[in-house]
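2 protein chains.
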Amino acid sequence: MDKLNVNALFLGPKSENQDFFKEMLNFMMNDFIDWRKDFHPQDKPIITDSDKDREDYKSTLLKTRHTLVDLAGKLQTCSMPWFSPRYLGHMNTDTLMAANLGYMLTLLYNPNNCAYEGSPVTTELEIELGKQLAGLLGYDPKRSWGHITSGGTIANYEGLWVARNLKSIPHAIKKVLPELVGEISDWQLSNLTSVRVLDLLDEVKVAGKFEDILRLSARGTGVLDKNPGKLLVPQSKHYSWVKAMDILGIGTENLINIKVKDNYRMDIEDLKNTIEKLTVQKIPILAVVGVVGSTEEGAIDEIHEIVRIRREFEEKGISFYLHIDAAYGGYARAMVLDENNKFLEYDDLISTLKEQRIIAEDTDWPSPEVHKAFKFMGEADSITIDPHKMGYVPYATGAIVMKDKRILDLISYFAAYVFDKSENNPLLLGSYIMEGSKAGATVAATWCAHKIIPLNFTGYGRIIGCGITGAQRFYRTILKAGSIIIAGRKFQIKPLTLPDFNMVDFAFNEIGNKDLTAMNELNQKIYELCSYKSGPVYLNDFITSKTALSEEEYGNTPGKFVMDFGIPWEEWEKVKSVYVMRSSIITPFLVNDSSPDGFMNNFLKTMKEKITKIIS
Amino acid sequence: MDKLNVNALFLGPKSENQDFFKEMLNFMMNDFIDWRKDFHPQDKPIITDSDKDREDYKSTLLKTRHTLVDLAGKLQTCSMPWFSPRYLGHMNTDTLMAANLGYMLTLLYNPNNCAYEGSPVTTELEIELGKQLAGLLGYDPKRSWGHITSGGTIANYEGLWVARNLKSIPHAIKKVLPELVGEISDWQLSNLTSVRVLDLLDEVKVAGKFEDILRLSARGTGVLDKNPGKLLVPQSKHYSWVKAMDILGIGTENLINIKVKDNYRMDIEDLKNTIEKLTVQKIPILAVVGVVGSTEEGAIDEIHEIVRIRREFEEKGISFYLHIDAAYGGYARAMVLDENNKFLEYDDLISTLKEQRIIAEDTDWPSPEVHKAFKFMGEADSITIDPHKMGYVPYATGAIVMKDKRILDLISYFAAYVFDKSENNPLLLGSYIMEGSKAGATVAATWCAHKIIPLNFTGYGRIIGCGITGAQRFYRTILKAGSIIIAGRKFQIKPLTLPDFNMVDFAFNEIGNKDLTAMNELNQKIYELCSYKSGPVYLNDFITSKTALSEEEYGNTPGKFVMDFGIPWEEWEKVKSVYVMRSSIITPFLVNDSSPDGFMNNFLKTMKEKITKIIS
C-alpha cells in the first residue's frame with residue numbers, strides 16, 4: 351500500500367488542492383440534491399415556477415445573497431490565517447479536506463447524535479470513533495467506552511463527573527447493602543480502587559439495589575451528603591479544571607495545584623508529598639489529573655510516574671481516580687504505534703521514526719520520559735482527547751474515553767441493562783453523556799479523517815511528525831540566534847524549555863535590562879504587533895499567541911527563566927509574572943517549505959522589524 | 351420593503367432552489383480559495399506540481415475520494431428526510447439556505463469562539479446575537495447577556511449553575527460583610543430576590559471583597575457548605591433538568607415535579623401548594639423552571655401565572671430564581687412582535703396575524719393564555735432558547751439569555767471589571783460560559799439567519815406561522831377523521847390535547863378494546879412501521895416519532911386520555927403508561943402544498959395501510 355502523502359490531505363496554504371476540493375464538493379452537493387429529488391418521486395415540487403416569479407421571492411433571495419457576501423467580507427478581513435506557516439500561535443492550522451468536506455455534506459443532512467432516531471448513520475460512526483480512540487490511547491476497545499463531545503472542556507467535566515459519582519458509591523453501598531463491604535471505615539470507603547467499586551456495583555445489580563444506591567450516591571443526594579475530597583492537578587492545568595470544580599458542586603477551593611518542574615511537567619515529588627500530607631489528615635483524594643500536552647507549554651506529565659505512585663499508595667490502602675487531560679497531546683500517541691497499532695519500545699521507535707521519515711533526521715523525539723508517559727496512558731481511568739486539535743478536524747470536536755465501560759452507569763439516564771445490549775440496540779447517546787443535542791456532522795468529519803489516516807505512525811504520526819520536527823527546528827533556530835542586534839542594541843531571545851511536544855514558548859530581553867516590567871512590556875509590544883491587536887492580521891508577516899506565567903499559577907518556576915535573562919530574583923518576587931510568546935507548531939507545512947529555512951528566517955527577520963518599530 | 355418569501359429561504363423538498371444554492375456555494379468557495387492565495391502573494395506554493403505527480407499523492411487523494419463517496423452512500427441510505435412534509439416527528443425540517451451556506455463558509459475559516467483571538471469576526475457576531483435574542487424574549491438588550499451554547503441542555507445547566515451560585519452569595523456575605531445584610535436569618539438569606547442579591551454584590555465590589563465572597567460561595571466551597579434548596583419543574587420537563595441536578599452537585603432527589611393539567615401545562619395550584627408546603631418546612635426553593643414548548647407535547651406553561659405567584663410570595667418574604675426553558679418555543683415569541691419588535695396586545699395580534707397571512711384564516715392561534723405567557727417571559731431571570739430548533743439553523747446551536755448581565759460575575763473566570771468594558775474590549779467568551787472551545791460557524795450560521803429574517807412576525811413569525819397553521823390543521827384532520835375502518839374493524843384516532851404550539855400527539859385504539867397493553871402494542875407497531883425500526887426510512891410514506899406518557903413521570907394525567915378511548919381506569923392503574931405518536935409540525939411546507947390536503951390525506955391513507963399490515 352502506498353504511504354500517506356501529507357500534501358494531499360489539506361487544501362494547502364495557497365489553495366494548491368482547490369481543483370480536487372471543488373470537484374468533491376460539487377459531487378457531494380449534486381448527490382445530496384438528488385437524494386431529495388428522489389425521495390418519493392411522485393411528490394410534486396412544492397415551490398413552483400410561479401412562486402419563483404414573485405417579487406418577494408426574488409427580493410428574499412437577494413437578501414440571502416447580500417448577507418452571505420457581507421459575511422464573506424467580514425471573514426476575509428479579520429479571520430486568522432491558520433493555514434499559513436506564518437501563523438504559529440494557538441493549536442490551529444489547516445484542517446483536513448476530508449474532514450471539512452465530510453462536515454459540509456453531513457451538515458445538510460443535519461443529524462442529531464443525541465438520539466439514534468435522529469442520526470441512524472452518525473450515531474454508529476460515533477460508537478466506532480469511540481473504539482478507535484480507545485485503541486489509540488492504550489485501552490481495550492471492547493472494555494472501554496468513548497464518545498465525541500463539543501470540546502475538551504466538556505470532556506474534562508465529564509471525567510470529573512464520573513469520578514465524583516464513583517467516589518460516592520461505596521458510602522451508599524454501606525448504607526443499603528452493608529454486607530457487601532463488611533466492617534470498613536469511612537476512610538477506607540473513600541479509598542477503594544475504581545475497579546473495586548465497579549465490581550461492587552456489579553454485585554449491587556445482582557442484588558437488585560442499583561437504583562437505591564444511585565439515589566443515595568452523589569447523583570441523588572448531591573455532594574451535600576459527603577465531601578468528595580480533593581482534586582490534584584498540576585499548575586500547568588487548563589482553566590477548565592477550575593470551572594469543573596465549581597460546576598460539579600465540589601468547589602474551587604478543593605482543587606490543589608501540584609508544582610511543576612523547570613520543564614513544566616508535574617513535580618512527582620510534590621504529588622507524592624501532597625498525597626502523604628492529605629492521608630495524614632484523612633482527607634480523601636477524589637482524583638489526580640495528569641496533563642499530556644499542557645496548553646501553555648506543551649509539557650507532557652510523566653504519566654508512568656503517576657501510575658507508579660498510585661500503585662504504591664494502593665498497597666497502603668490509599669487510592670484515587672486518575673484522569674489524563676490529553677486534549678492537546680492525545681493524538682501524538684499515534685507516533686509510538688506501528689502499522690499494526692502495536693506500541694513500539696524506545697530504541698525501535700527512534701530508529702523507525704527516522705527510517706520512515708516521520709521525524710526528520712536532524713530531530714530527536716520523543717525523549718525517553720515522553721515515550722514512557724505514552725506507554726502508561728492506558729492505566730488511567732479516563733482520558734480527554736480533542737480531534738479538533740491534533741486530529742486536524744474543524745471545531746467543535748472533543749472526546750472522552752473511559753477505560754472500563756461499566757463506569758457509564760454512574761452518569762447514564764437509562765436503566766443499566768440497555769447499555770449491555772448496545773451492540774444490537776440503537777443508542778440514545780443523550781442518555782449516556784453530559785450534552786444533549788449534538789451535531790452528527792462533527793462525528794462524520796472525524797470519521798472521514800480516521801478512515802483515511804490510520805491512528806498510528808503511518809497515518810497521524812506522519813502529519814504530527816511534521817509539526818514536531820518543525821517545533822524542534824524552531825526551538826533550535828531560537829537557541830542558535832541567541833540574540834538580535836538592532837541599531838546597536840542587543841536583544842536576547844530564549845526558549846522557555848525544550849519542548850516535550852510541538853509548542854515553543856519564548857521571550858526577548860534587551861541585554862543589560864534588569865527590569866522585569868520592562869521585559870514584559872517589550873514582549874507584550876512584540877505580541878501586539880504579531881496579532882489582531884495591531885489591526886487585521888491578514889497583512890501581518892508573522893502571527894503568534896502569548897501567555898503570562900504568573901507566580902499565582904506556577905509558583906516560582908517561571909522565575910528561573912527570568913533569571914536566565916540576567917534579571918535579578920527580586921524582580922521576579924516583585925512583578926510575579928513573565929510574559930512570553932507561545933507558538934504551537936502543528937502546521938505540516940513548516941518542514942516542507944521549498945526553501946528549507948524560509949519561514950524560520952522570516953520569523954527572525956520579522957522579529958527584527960517589530961523590535962525596530964518598538965524602539966524607534 | 352417586500353415581505354419575506356418563505357419558499358425562497360429553503361433548498362426545498364425537491365431541491366427546488368438548487369441553482370441558487372449551488373451558485374452561492376460556488377461564489378463562497380472561490381472567495382475563500384482566493385483569500386488563501388492572496389495572503390502574502392510573495393509566498394510560493396508549498397505543494398508543487400512535482401508533489402502532485404507522486405504516486406502516494408494520487409493514492410491519498412483517491413482514499414479521500416473513496417471515503418467521501420462511502421460517507422455519502424451511508425447518509426443517503428439511512429438519513430432522516432427531515433426536508434419532506436412526509437416527516438412529522440421530532441423538531442426537524444429543512445434548515446435555512448443562508449444558515450447552511452454561512453456555516454459551510456465559516457467552517458473553512460474554522461474560528462473558535464472560546465477566545466476573541468481565534469475568532470475576531472464570530473465573537474462579535476455572537477455578542478450581537480445575544481442582544482437580538484434578548485430583545486426577542488422580552489429583555490432589555492442593554493442590561494442583559496446572552497450567548498450561543500452547543501444546545502438547550504448546556505443552556506439549562508448554565509441557568510441552574512447561575513441560580514445555584516446566586517443563592518449561595520447572601521450566606522457568604524453574611525460571613526464576610528455582615529453589616530451589608532444586617533440582622534437576618536439563614537432563611538431570609540435564602541429568600542432574597544435575584545435583584546437584591548446582585549445589588550448586594552455591587553456593594554461587595556465597592557468594599558473590595560468580591561473575591562472573598564466568591565471563595566465562600568458555592569463556587570468556592572461546593573454545595574457541601576449549604577443546601578441550595580429544591581428545584582421545582584413541571585412533570586413535562588426535559589430530562590436534562592434531572593441530569594443538571596446530578597451534574598451541579600445538588601442531587602436529583604432535590605428536584606420536585608410539579609403536576610401538569612390535562613393540557614400538559616404546569617398546574618399552578620400545585621406549584622403554589624408546593625411552595626407553601628416547603629415554606630412551612632423552611633426548605634428553600636432554589637429555582638422554578640417554566641417550560642415554553644414542552645418537548646413531548648409542545649405545551650406552553652402559563653408564565654404569567656408563575657410570575658404572579660412569585661410576586662405574591664415575595665410580598666411574604668419568599669423568593670426563588672425563575673428560569674424558562676424555551677429551547678423549543680422561544681422563537682415563537684416572534685409571532686407576537688410587530689414589525690418594530692413591539693409586543694402586540696391580544697385583539698390586535700389576532701387580527702394582524704390573519705390580515706398579514708401569517709396564520710391562515712381557518713386557524714385560531716394563539717390562545718389568550720399562550721399570548722399572556724409570551725408577554726411575561728421577560729420577567730424570568732434567564733431563558734434557554736435553541737436556534738437549532740425553531741431558528742431553522744443546523745446543529746449544534748442553543749443559547750441562553752440572562753435578564754441582568756451582572757449575574758455573569760457568578761460564573762465568570764475573569765475579574766469582574768473586564769466585563770464592564772466589554773463594549774470596547776474583546777471578549778474571551780470561554781471565561782464567561784460553561785463551554786470552552788466552540789465553533790464560530792454555528793454563530794455565523796445563526797447570524798445569517800437573523801440578518802435575513804427579522805425576529806418578529808414579519809420574519810420568523812412568517813415561517814413559524816406555517817408550522818402552527820399546519821399543526822392546527824393536522825389536529826383538526828385527526829379530530830375530523832375520528833376513526834378508520836379496516837376490514838370491518840374500527841380504529842379510533844384521538845389527539846392528546848389541543849396544541850399550544852405546533853406539536854400534535856395522537857394515538858389509536860380499536861373500538862371495543864379495553865386493554866391498555868393491547869392499545870400500546872398497536873401504537874408501538876404503527877410507530878415502528880413509521881420509523882427506522884422497519885428499515886431505512888427513505889421509502890417510507892410517513893415518518894413520525896413517539897413518546898410514552900407514564901405515571902412515574904406524569905402522575906395520572908395521561909390516564910384521562912386513556913379513559914377517552916373507553917379503557918377503564920383500572921387498566922391505567924395497572925399498566926401506568928400510554929404510548930402515543932408525536933408529530934412536531936415545524937415544516938413550512940405542509941401549508942403550501944399545491945394540493946391543499948395532499949399530505950393530510952396521505953397521512954390518513956398511510957395510517958390505514960400500516961394498520962392493515964398490522965392486523966392482517
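Those protein sequences? They're chains C and B, same order as listed. In the working numbering, each number is its position in the first sequence, counted from 1, plus 350. In the working numbering, each number is its position in the second sequence, counted from 1, plus 350. All C-beta atoms, glycine included, are put in the ideal place defined by N, C-alpha and C.
Under 9 Å (Cβ pairs) to chain C, residues found in the stretch 741–756 of chain B: 744, 745, 746, 747, 748
N-terminal and C-terminal residue of the beta strand (DSSP E) that residue 934/C is part of: Here residue 934/C corresponds to residue number 584 of the first sequence, with the count starting at 1. Run containing residue 934/C: 927–934, per the beta strand (DSSP E) assignment.
Proximal residues to residue 930/B (C-beta, below 7 Å), its chain only, five neighbours per side dropped: In the second sequence, counting from the first residue as 1, residue 930/B sits at position 580. The residues are 846, 855, 856, 857, 873, 896, 897, 899.
For residue 682/B and residue 718/B, the rounded distance between their alpha carbons: In the second sequence, residue 718/B corresponds to position 368, counting from 1. In the second sequence, residue 682/B corresponds to position 332, counting from 1. Each residue's Cα considered, the two are about 15 Å apart.
Local Cβ density within 10 Å of residue 828/C, reported as buried at 16 or more and exposed below that: If you number the first sequence from 1, residue 828/C lands on position 478. That one is buried.
Secondary structure of residue 520/B, DSSP reduced to three states: If you number the second sequence from 1, residue 520/B lands on position 170. Correct three-state label for residue 520/B: helix.
Paired residues, beta bridge with residue 839/B - DSSP: Here residue 839/B corresponds to residue number 489 of the second sequence, with the count starting at 1. 836/B.
Secondary structure of residue 713/C, DSSP reduced to three states: Position 363 of the first sequence, counted from the start, is the residue given in the question as residue 713/C. Of the three classes helix, strand and coil, the one that applies to residue 713/C here is coil, per DSSP.
Residue 409/C at chain B interface by Cβ criterion, 7 Å: Taking the first residue of the first sequence as 1, we reach residue 409/C at position 59. Residue 409/C counts as touching chain B.
C-alpha gap between residue 405/C and residue 357/B, whole angstroms: Looking up residue 405/C in the first sequence gives position 55. Looking up residue 357/B in the second sequence gives position 7. Spanning the two alpha carbons is a distance of roughly 12 Å.
Within-7 Å CB hit, residue 636/B to chain C: By one-based count along the second sequence, residue 636/B stands at place 286. Output row for residue 636/B: interface = no.
Cα-Cα separation between residue 869/C and residue 602/C, rounded to whole angstroms: Translated into the one-based positions of the first sequence, residue 869/C becomes position 519. Translated into the one-based positions of the first sequence, residue 602/C becomes position 252. Straight-line Cα distance between these residues: approximately 33 Å.
Exposure label - residue 482/C; buried when at least 16 CB within 10 Å: Start at 1 with the first residue of the first sequence, and residue 482/C comes out as number 132. Buried, by the Cβ-count rule.
Three or more C-beta pairs below 8 Å linking the stretch 580–590 of chain B and the stretch 628–640 of chain B: yes
Distance CB(residue 935/B)-CB(residue 820/B) smaller than 7 Å: Translated into positions along the second sequence, residue 935/B becomes position 585. Translated into positions along the second sequence, residue 820/B becomes position 470. Result yes, Cβ atoms of residue 935/B and residue 820/B sit closer than 7 Å.
Spatially closest choice to residue 607/B from 598/B, 600/B, 592/B, by CA coordinates: Counting from one through the second sequence, the residue named residue 607/B turns up at place 257. The shortest C-alpha separation from residue 607/B is found at 592/B.
Own chain, CB closer than 8 Å to residue 883/B, minus 5 neighbours either side, in chain order: Along the second sequence, read from residue 1 onward, the residue named residue 883/B stands at position 533. If we look at residue 883/B and ignore the five residues flanking it on each side, its Cβ neighbours are 877.
Three-way DSSP call (helix, strand, coil) for residue 895/C in this model: Position 545 of the first sequence, counting from 1, holds the residue named residue 895/C. DSSP places residue 895/C in strand when its eight states are reduced to three.
Rounded C-alpha distance that separates residue 700/B from residue 678/C: The residue given as residue 700/B occupies position 350 in the second sequence. The residue given as residue 678/C occupies position 328 in the first sequence. Those two C-alpha atoms are separated by around 55 Å.
Amino acids of chain B, ordered along the chain, whose beta-carbon sits closer than 8 Å to that of residue 931/C: By 1-based counting over the first sequence, the position of residue 931/C is 581. Here the premise fails: no neighbours, minimum Cβ distance about 13 Å.
Expected contact under 8 Å - CB spacing of residue 435/B and residue 363/B to nearest Å: In the second sequence, residue 435/B corresponds to position 85, counting from 1. In the second sequence, residue 363/B corresponds to position 13, counting from 1. At roughly 7 Å, the Cβ-Cβ gap stays under 8 Å, so residue 435/B and residue 363/B are in contact.
9 Å Cβ cut-off: residues of chain C touching residue 440/B: Walking along the second sequence from the start, residue 440/B turns up at place 90. 462, 465, 467, 468, listed in chain order.
Assigned exposure category for residue 690/B - 16 Cβ within 10 Å defines buried: For the purposes of this step, residue 690/B is taken as the residue at position 340 of the second sequence. Exposed is the call here.
Close Cβ partners of residue 780/C (< 7 Å) along its chain, the five nearest in sequence each way excluded: Here the question's residue 780/C lines up with position 430 in the first sequence. Around residue 780/C: 464, 465, 786.
Contiguous beta strand (DSSP E) assignments of at least 3 residues, all confined to the stretch 470–503 of chain C: 495–499
Cβ neighbours of residue 431/B in the same chain (closer than 6 Å, five flanking residues each side left out): Indexing the second sequence from 1 puts residue 431/B at position 81. Within the same chain, residue 431/B has close Cβ partners 437.
is_contact[residue 882/C, chain B] using C-beta, thresh 7 Å: Here residue 882/C is taken as the residue at index 532 of the first sequence, counted from 1. True, the Cβ-Cβ gap to chain B drops below 7 Å.
Inter-residue spacing [alpha-carbon to alpha-carbon] between residue 576/B and residue 569/B: Locating residue 576/B in the second sequence gives position 226, where the first residue counts as 1. Locating residue 569/B in the second sequence gives position 219, where the first residue counts as 1. Taking the straight line from one Cα to the other gives about 11 Å.
N- and C-terminal bounds of the alpha helix (DSSP H) containing residue 860/C: Here residue 860/C corresponds to residue number 510 of the first sequence, with the count starting at 1. That residue, residue 860/C, is in no alpha helix (DSSP H); its beta strand (DSSP E) goes 853–860.
Minimum Cβ-Cβ distance from residue 426/C to chain B less than 7 Å: By one-based count along the first sequence, residue 426/C stands at place 76. Yes, residue 426/C counts as interfacial toward chain B.
C-beta neighbour in chain B for residue 541/C, strict 7 Å: Walking along the first sequence from the start, residue 541/C turns up at place 191. No, no contact with chain B.
Residue 746/C beta carbon near the ligand SAH (any heavy atom closer than 6 Å): With respect to small molecules bound, the structure shown includes none, and the ligand SAH cannot be examined in it.
Chain B within 7 Å of residue 955/C, Cβ atoms only: In the first sequence, the residue the question calls residue 955/C occupies position 605. Not an interface residue.
Close Cβ partners of residue 452/B (< 6 Å) along its chain, the five nearest in sequence each way excluded: The sequence position of residue 452/B within the second sequence is 102, counting from 1. The residues are 794, 795, 798.
Beta-bridge pairing of residue 437/C - partner residues as DSSP gives them: In the first sequence, residue 437/C corresponds to position 87, counting from 1. According to DSSP, which records beta bridges pairwise, residue 437/C is partnered with 893/C.
Beta-bridge pairing of residue 748/B - partner residues as DSSP gives them: The residue given as residue 748/B occupies position 398 in the second sequence. Residue 748/B is bridged to 499/B.
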